[in-house]
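With the numbering used here applied, the sequence shown has no gaps in its numbers, which climb one by one up to 336 at the end.
Presented below is the structure to which this report refers.
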Amino acid sequence: MTTFPDIQGKRLHSSFILSRVGISGVKRPVTINRPKGSISLVPEFDISVDLPARQKGSHMSRHLEVINKAIDMAVEEQNDSLEKLVERITRELLRSHEYATYADVRLSADYFLKKRSPDDREVIENYRIFAEARSRRGERDPFRSIGVEVSGLSACPCAMENVRELLKRELRKNGESKEAVSVLDRVPVPTHNQRNRAFIEVGWTKELNLEADDLVELLESNISSPTYEMLKRKGEAELVLAAHRNPKFVEDIVRDILKDFLERYRELPDDVKIHVRSVSEESIHKHDAFAERVTDLGTLRKGSFFENDTLKS
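Here you go:
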């Protein structure tokens with residue numbers, strides 16, 4: 024039988040360690056069995072291992088073999104979470120790459136939920152779901168995380184109050200009564216809006232068992248308003264009013280998400296990591312605005328907003 028040379032395994036006398044070597048953009052169908060039912064997804068995988076200085080190259084084909092094997096195992100074992108799937112892939116990577124000491128796997132996928140629109144129509148909305156695992160050889164418990172991203176609407180409170188003041192001045196100038204002017208304090212007034220993308224990722228070295236649906240609801244309840252693929256006239260009007268009655272800075276959104284998460288998940292331990300980010304795609308500026316916090320629940324519970332947080336374990 025003819026054998027071919029292993030160029031990747033060629034030993035080098037002088038080189039550098041590489042932190043990550045892998046492949047990205049691999050798509051595979053996956054079925055996850057959750058308590059509420061089975062979910063079919065087509066995630067995109069990014070997978071990598073470290074490479075020692077003595078090794079010329081990584082065996083890339085093994086990455087694909089590992090993904091296929093892990094998905095087959097997931098089907099046989101009734102896989103019940105994306106976090107377990109990516110963890111299984113990291114463990115298989117370390118088995119197949121005997122020279123590696125570290126493996127990292129991240130997936131992302133479109134995620135669809137049935138919702139009720141403001142005009143009480145059943146609609147299907149699109150979100151993004153994420154999962155990641157990081158394993159080191161010899162460590163018993165790898166780090167695993169689950170996250171979601173939603174697209175919603177934010178209304179600027181600063182512009183709203185400035186518009187309110189301009190309208191009051193205009194009414195006074197036109198001789199309107201104090202009562203007429205005071206009405207502006209009781210109703211939402213025009214402001215500029217942004218499409219807001221809110222993201223949360225939660226990770227730990229043990230099983231968290233968080234529901235993606237609950238994380239989506241948490242994010243959507245802390246922006247000015249969710250958005251919907253389809254709205255009729257009444258629904259559009261109700262959504263715009265709801266957003267203007269709930270104006271928020273991008274900073275408000277991140278802080279409200281963090282506060283709400285702590286209240287909903289009081290049972291989670293202090294060393295659970297959390298990453299929250301909000302991006303407002305500006306409508307009156309040529310730039311976008313964002314706010315972010317990466318920390319652990321223990322730090323949040325202490326109420327400190329001024330320490331230097333470690334990005335990721």
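From the three backbone atoms N, C-alpha and C, an ideal C-beta is built for every residue, glycine too.
- Within the region 62-115, the runs of beta strand (DSSP E) that reach at least 3 residues and sit entirely inside it are, in chain order, 67-74.
- If you look at Glu184, you'll find it in the alpha helix (DSSP H) that goes Pro180 to Lys196.
- Val212 and Arg187 have their alpha carbons spaced roughly 6 Å apart.
- The beta carbon of Lys255 sits closer than 8 Å to those of Asp142 and Arg144, all from its chain and outside the five residues before and after it, given in chain order.
- Cβ-Cβ separation between Arg268 and Asp293: approximately 36 Å, too far for a contact (criterion under 8 Å).
- For the pair Asn219 and Ser177, the CB atoms are nearer than the 8 Å cut-off.
- No residue range can be given for Ile307, since it is assigned to no beta strand (DSSP E) and is classified by DSSP as neither H nor E.
- Sequence-distant Cβ neighbours of Ala126 in its own chain, meaning closer than 6 Å and more than five residues away, are Val72, Thr113, Leu116, Leu117 and Ser158.
- Between the region 122-141 and the region 194-203 there are fewer than three C-beta pairs closer than 8 Å, too few to call the two in contact.
- Annotated three-state conformation of Phe284 is helix, per DSSP.
- Per DSSP, reduced to three states, the secondary structure at Glu252 is coil, with no helix or strand assignment.
- Rounded to the nearest angstrom, the gap between the Cα atoms of Leu242 and Gly170 is 11 Å.
- Counting along the chain, Ser205 sits inside the alpha helix (DSSP H) bounded by residues Lys201 to Ser205.
- Rounded to whole angstroms, the separation of the alpha carbons of Ala260 and Arg195 is 29 Å.
- For Val128, the uninterrupted beta strand (DSSP E) segment begins and ends at Tyr125 to Arg139.
- Annotated as proximal: Val146 and Met253, with beta-carbon spacing under 8 Å.
- In the three-state reduction of the DSSP assignment, Gly161 falls in the coil class.
- Setting aside the 5 residues that flank it on each side, Phe135 is surrounded in the same chain by Ile147, Glu148, Asn149 and Tyr150, each with a C-beta closer than 8 Å to its C-beta; the list follows chain order.
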